[in-house]
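Student: My structure is below; once you've seen it, I'll send some questions.
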Amino acid sequence: MTKKIKFIITFILFILIALIIYLKFINIHKINIPTITLSGKNIITLYQGQTYKEPGYKATDPKDGDITDKVKINNQISTDKTGTYELIYTVVNSKGEIAKAHRFIKVIENKTPFYKDEYDKIDNQTRGWWSNNKLDGKRPSGGADINELKKYNAFFMGPDEKVLYLTFDEGGLETYVKEIVDVLNQNNVKATFFLCRKFIEENADLIKKMAETGHTIANHTSHHLNMPELATKENFNKYIQEIKEVEETYYKITGQNMEKVYRDPRGEWSYRDLQIMKDLGYKSYFYSADYLDYKEDVSKEKALNELTKRVHNGAIYLMHPKNKGNYLALDTFIKNMKKQGYRFDLVKNIK
């Protein structure tokens, strides 16, 4: 073996020994510094608006032991906005040595509604809507404080002005909606019709005409159910289905998205129900003027009398179009109110 070869072999052995010593030094140093171990995934995806829940972490140090309580998290997540957010976990041991860990939170657009944990904290008691209209021309109170309702984008009365809002609730198929629409159009008055899926589906031509002439086709659910009963985590998919089926049916007929205007069936509502509808982009509308028109065969004279004596500034009228009396009285009522200086508007314009 030549001297040259011996030199090369010796040099290689020297390098290997030095490398082994260096690696041992690095490992020993690593053992002596604190570490942070993250639970769960290092990359977490949330829907926009969803609450972030920390999966957990643990910090340990060879000399200090468990130092998890000393971990600090730089948390600047805003789930209201889409984007990628970085969480930085930092811990310092008694020697001042620092360890860090990183987790990334991806917030994406929420296209599928989900049940939020905070809904559980909102009152879900089913309430029946009422209005203490005293027939004295004064603005009445209702089933909830008008200012409290505004927090949920809900209204039962318009502004204190000489403006009236005509709304019609359809719960079945045998109605005078077509005749009512004709009267409204003849008087250049727009109204809001809270309709269920089946009525929209079976009256496609009428629905198109109503939309074209400026009336609001509003969501009254698919099957006219008690919505607070569905405003739970277990029944949430059914809740959403009740709303989406109406939207989809309206879109198939008109090629347009439905207005985000809503009324609970049978006046049965809850604060949680209102919050969910608000999160779905809807405004909810109750009423401040109504009478028992759905329990009897109302004559034109009775309907006109009942509607007239309940008038007040900003009144939202609830009428059921299955009674012929409402249809027959409508033309005279509109003309009389206009003579008294009232104008008519759509509830969607209430702010």
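Everything in the sequence shown is counted per our numbering, starting at 72 for the first residue and increasing by one. Glycine is no exception: its CB is placed at the ideal position from the N, C-alpha and C atoms.
Under a Cβ-count criterion, where at least 16 other Cβ atoms within 10 Å of its own Cβ denotes burial, should residue 108 be classed as buried or exposed?
Tutor: By the 10 Å Cβ count, residue 108 comes out exposed.
Student: Counting along the chain, where does the beta strand (DSSP E) carrying residue 143 start and finish?
Tutor: Where residue 143 is concerned, the enclosing beta strand (DSSP E) stretches over 143-145.
Student: Can you look up residue 343 in the DSSP assignment and give me helix, strand or coil?
Tutor: Correct three-state label for residue 343: helix.
Student: Tell me whether the beta-carbon of residue 114 lies closer than 9 Å to the beta-carbon of residue 177.
Tutor: Yes. Within cutoff.
Student: For residue 180, which residues of its own chain have a beta-carbon under 7 Å away from its beta-carbon, when the five flanking residues on both sides are left out?
Tutor: Contacts found: 119 and 153.
Student: Taking all protein chains shown into account, do 16 or more other C-beta atoms lie within 10 angstroms of the C-beta of residue 232, making it buried, or fewer, making it exposed?
Tutor: It counts as exposed.
Student: Taking the alpha-carbon positions, what's the residue 99 to residue 123 distance?
Tutor: Its pLDDT being 47, under 50, residue 99 is placed unreliably in this model, and the coordinates cannot settle the point.
Student: Counting Cβ pairs closer than 8 Å, one from the segment 363-376 and one from the segment 395-415, do we hit at least three?
Tutor: With a cut-off of 8 Å, the segment 395-415 and the segment 363-376 count as touching, because enough Cβ pairs lie within range.
Student: Could you pull out every residue in the same chain whose Cβ sits closer than 7 Å to the Cβ of residue 325, ignoring the five residues on either side in sequence?
Tutor: Taken in chain order, the residues that qualify are 278, 279 and 282.
Student: For residue 360 and residue 313, I'd like the C-alpha separation in whole angstroms.
Tutor: Each residue's Cα considered, the two are about 27 Å apart.
Student: Should residue 247 be labelled buried (16 or more other beta-carbon atoms within 10 Å of its own) or exposed?
Tutor: Buried is the call here.
Student: Determine the DSSP secondary structure at residue 99, reduced to helix, strand or coil.
Tutor: For residue 99, the predicted structure reports a pLDDT of 47, less than 50, and the residue's modelled location is therefore unreliable. A value from the coordinates is still provided. Of the three classes helix, strand and coil, the one that applies to residue 99 here is helix, per DSSP.
Student: Is DSSP giving residue 87 helix, strand or coil here?
Tutor: Note: residue 87 maps to helix in three-state DSSP.
Student: Could you check the C-alpha separation between residue 329 and residue 321 for me, to the nearest Å?
Tutor: Taking the straight line joining both Cα atoms gives about 6 Å.
Student: Please work out which residues of its chain come closer than 6 Å, Cβ to Cβ, to residue 417, disregarding the five sequence neighbours upstream and downstream, and give them in chain order.
Tutor: For residue 417, where only same-chain residues beyond five positions count, the Cβ hits under 6 Å are 261, 263 and 287.
Student: Quickly, what does DSSP pair residue 161 with across the bridge? List them, please.
Tutor: In DSSP, residue 161 forms a bridge with 143 and 171.
Student: Going by Cα to Cα distance, which pick from 128, 298 and 206 is closest to residue 380?
Tutor: Closest option to residue 380, Cα to Cα, is 206.
Student: Which partner residues of residue 131 appear in the DSSP bridge assignment?
Tutor: In the DSSP output, where bridge partners are listed per residue, residue 131 has 106 and 137.
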